[in-house]
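Have a look at the structure below, then the notes.
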Amino acid sequence: MRRRGRIELTLTCSSSREQLRDGRRDPVDVWLASLRVVFPLGRCAGRIPALGKPGLDDVESAVSTDDPSYSAKFSVDVPTPARMYNYGLGGKDNYAVDRAAVRAINARFPEALDATRANRLFLYRVVRFLARDAGISQFLDLGSGLPTQHNVHQVAQQFRPDAHVVYVDNDPIVLTHGRAVLAENEYTTVIAQDMTKPDEVLDHPEVRRIIDFTQPVAALFLSVPHSIPDDEMARHTIGTITDALVSGSYVALSQFVGADQQTADEFTAIMHSVGMKWRSRTPDQVKAFVSGLEPVEPGMVNVMDWRPDPTQPPLDPVDPALQSDIGASTERELAREFGGVLRKP
Numbered sequence: 016m017r018r019r020g021r022i023e024l025t026l027t028c029s030s031s032r033e034q035l036r037d038g039r040r041d042p043v044d045v046w047l048a049s050l051r052v053v054f055p056l057g058r059c060a061g062r063i064p065a066l067g068k069p070g071l072d073d074v075e076s077a078v079s080t081d082d083p084s085y086s087a088k089f090s091v092d093v094p095t096p097a098r099m100y101n102y103g104l105g106g107k108d109n110y111a112v113d114r115a116a117v118r119a120i121n122a123r124f125p126e127a128l129d130a131t132r133a134n135r136l137f138l139y140r141v142v143r144f145l146a147r148d149a150g151i152s153q154f155l156d157l158g159s160g161l162p163t164q165h166n167v168h169q170v171a172q173q174f175r176p177d178a179h180v181v182y183v184d185n186d187p188i189v190l191t192h193g194r195a196v197l198a199e200n201e202y203t204t205v206i207a208q209d210m211t212k213p214d215e216v217l218d219h220p221e222v223r224r225i226i227d228f229t230q231p232v233a234a235l236f237l238s239v240p241h242s243i244p245d246d247e248m249a250r251h252t253i254g255t256i257t258d259a260l261v262s263g264s265y266v267a268l269s270q271f272v273g274a275d276q277q278t279a280d281e282f283t284a285i286m287h288s289v290g291m292k293w294r295s296r297t298p299d300q301v302k303a304f305v306s307g308l309e310p311v312e313p314g315m316v317n318v319m320d321w322r323p324d325p326t327q328p329p330l331d332p333v334d335p336a337l338q339s340d341i342g343a344s345t346e347r348e349l350a351r352e353f354g355g356v357l358r359k360p
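First residue of the sequence shown? That's 16 in my numbering, and the numbers climb one at a time after it.
Below, the structure is given as structure tokens:
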């Protein structure tokens with residue numbers, strides 16, 4: 016019998032009285048300086064605070080865990096990659112601090128917004144290729160981020176209804192939202208795990224339940240390696256996962272790169288200034304992480320150029336505050352997302 020537990024979310028709030036995009040005060044600003052939300056788990060759905068969703072006070076979720084001691088804690092005073100990415104995609108699961116960080120980055124590298132959105136479109140084309148054309152029915156999505164548009168399981172199961180997907184992320188918000196979204200999907204799950212500890216990812220009971228490593232698997236590191244600043248750690252993370260895959264499996268990878276080392280270093284400095292663990296690299300440095308694998312045509316390229324398809328489903332529009340940055344990549348591309356799909360021989 017499933018043990019009933021409870022999940023505790025501890026939010027720390029600033030007193031800056033930030034405004035939502037519709038002019039209302041952010042709900043978190045009217046909460047106490049520290050608010051603990053405790054809700055029972057098991058067969059009952061919990062309720063969690065909304066993440067800056069105008070017009071909503073809360074969202075319902077069916078959150079469950081077999082570990083009654085699980086405690087997810089997050090701060091609304093510090094930006095996170097998942098929430099910043101969500102903002103760039105036109106999502107509303109983000110806070111004022113995340114929006115401010117994105118705008119600070121765009122002030123120096125406005126083309127970064129196009130790159131962020133291009134990467135999400137790249138994800139759709141990659142998963143479609145893997146499920147529809149390569150016959151892959153198992154996906155391990157490392158550093159998955161918040162559920163948003165055209166998630167991996169939605170794309171894969173469109174072409175292979177029995178596709179199995181495991182999302183891996185160490186952001187507690189991702190875990191909470193992911194479990195709510197996936198509550199009714201028997202072939203898909205999300206786990207809270209640090210991807211830089213790949214052996215623990217591979218040994219996780221949920222991974223072993225969903226993924227059969229005797230059959231081909233697609234490992235996705237999309238918009239991920241730049242969040243692992245240390246080259247050796249990034250190499251170990253990607254290499255350990257790849258080594259666990261059988262022949263005929265695939266690795267899909269993308270990360271922010273600079274036009275040259277100086278640009279990569281400048282972009283890294285901007286990311287550090289907004290509190291991100293980050294390292295932009297050059298294309299050659301990224302290619303080194305997947306040496307020995309066979310690139311699928313057109314190889315490792317700007318993600319905008321990987322099998323572009325103008326008929327694919329579009330993304331949601333961006334916040335009006337970002338609209339002026341849309342299209343900046345047509346004038347310059349000092350920073351861009353670089354990646355591709357590779358087959359394990």
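Glycine included, each C-beta is placed from N, C-alpha and C at the ideal position.
Simplified DSSP state of residue i, which is helix, strand or coil
i	result
Asn134	helix
Phe174	helix
Ile151	coil
Phe144	helix
Leu157	strand
Val167	helix
Val93	coil
Val333	coil
Asn109	coil
Glu199	coil
Val289	coil
Arg194	helix
Pro187	helix
Asp324	coil
Ile120	helix
Leu128	helix
For residue i, the residue or residues it bridges with in DSSP
i	result
Val305	For Val305, which the question treats as bridged, DSSP gives no partner whatsoever.
Glu346	Answer is none; Glu346 lacks a bridge partner.
His179	Gln153
Val204	Before going on, a small fix: residue 204 reads as Thr here, not Val. Looking at the DSSP assignment, Thr204 forms a beta bridge with Val181.
Pro310	Leu357
Arg351	Val272
Val296	Note that residue 296 is Arg in the sequence shown, not Val. According to DSSP, Arg296 bridges with Val272.
Asn317	Phe353
Outcome for residue i when other beta-carbon atoms lying within 10 angstroms are tallied against a minimum of 16
i	result
Lys292	exposed
Asp299	exposed
Thr163	buried
Glu199	exposed
Ala336	exposed
Ser339	exposed
Pro187	buried
Asp72	The predicted position of Asp72 is uncertain, since its pLDDT is 29 and thus under 50; a value taken from the coordinates is nonetheless stated next. Asp72 is exposed by the Cβ-count criterion.
Ser344	buried
Pro323	exposed
His287	exposed
Ala284	exposed
Ser306	exposed
Closer than 8 angstroms to chain D by CB, residue i
i	result
Glu309	Among the chains of the structure shown, chain D does not appear; only one protein chain is present.
Near the ligand ZN: residue i beta-carbon under 7 angstroms from a heavy atom
i	result
Glu348	By its list of ligands, the structure shown contains no ligand whatsoever, and the ligand ZN lies outside what it can speak to.
TODO: Spell out a yes or no on whether the stretch 114-127 and the stretch 142-160 are touching, meaning 3 or more CB-CB pairs, one atom from each, closer than 8 angstroms.
DONE: No: fewer than three Cβ pairs fall under 8 angstroms.
Open item on the list: Between the stretch 307-320 and the stretch 339-356, can you find at least three pairs of beta-carbon atoms closer than 8 angstroms?
Closed with: Taking a cut-off of 8 angstroms for Cβ pairs, the stretch 339-356 and the stretch 307-320 touch, as three or more such pairs fall below it.
Open item on the list: Ignoring anything shorter than 4 residues, give me the alpha helix (DSSP H) runs that lie fully in the stretch 210-287, in order along the chain.
Closed with: Correct list: 213-218, 220-225 and 246-258.
TODO: Would you be able to state if there are at least three C-beta pairs under 8 angstroms between the stretch 92-110 and the stretch 253-261?
DONE: Three or more Cβ pairs closer than 8 angstroms define a contact, and the stretch 253-261 falls short of that threshold against the stretch 92-110.
Open item on the list: Does the contact criterion of 3 or more C-beta pairs under 8 angstroms hold for the stretch 210-217 versus the stretch 170-179?
Closed with: No, the stretch 210-217 does not touch the stretch 170-179.
Task: Inter-stretch contact (C-beta, 8 angstroms, three-pair minimum) for the stretch 294-309 and the stretch 242-254 - done: Two segments are said to touch when three or more pairs of C-beta atoms, one from each, lie closer than 8 angstroms; by this definition the stretch 294-309 touches the stretch 242-254.
Open item on the list: For the structure I just gave you, are there three or more beta carbon pairs, one from the stretch 299-314 and one from the stretch 128-135, closer than 8 angstroms?
Closed with: In this structure the stretch 299-314 does not lie against the stretch 128-135, because fewer than three pairs of beta carbons, one per stretch, are closer than 8 angstroms.
TODO: Evaluate contact between the stretch 216-230 and the stretch 179-191, counting only Cβ atoms and requiring at least three cross-stretch pairs below 8 angstroms.
DONE: With the cut-off at 8 angstroms, the stretch 216-230 and the stretch 179-191 touch.
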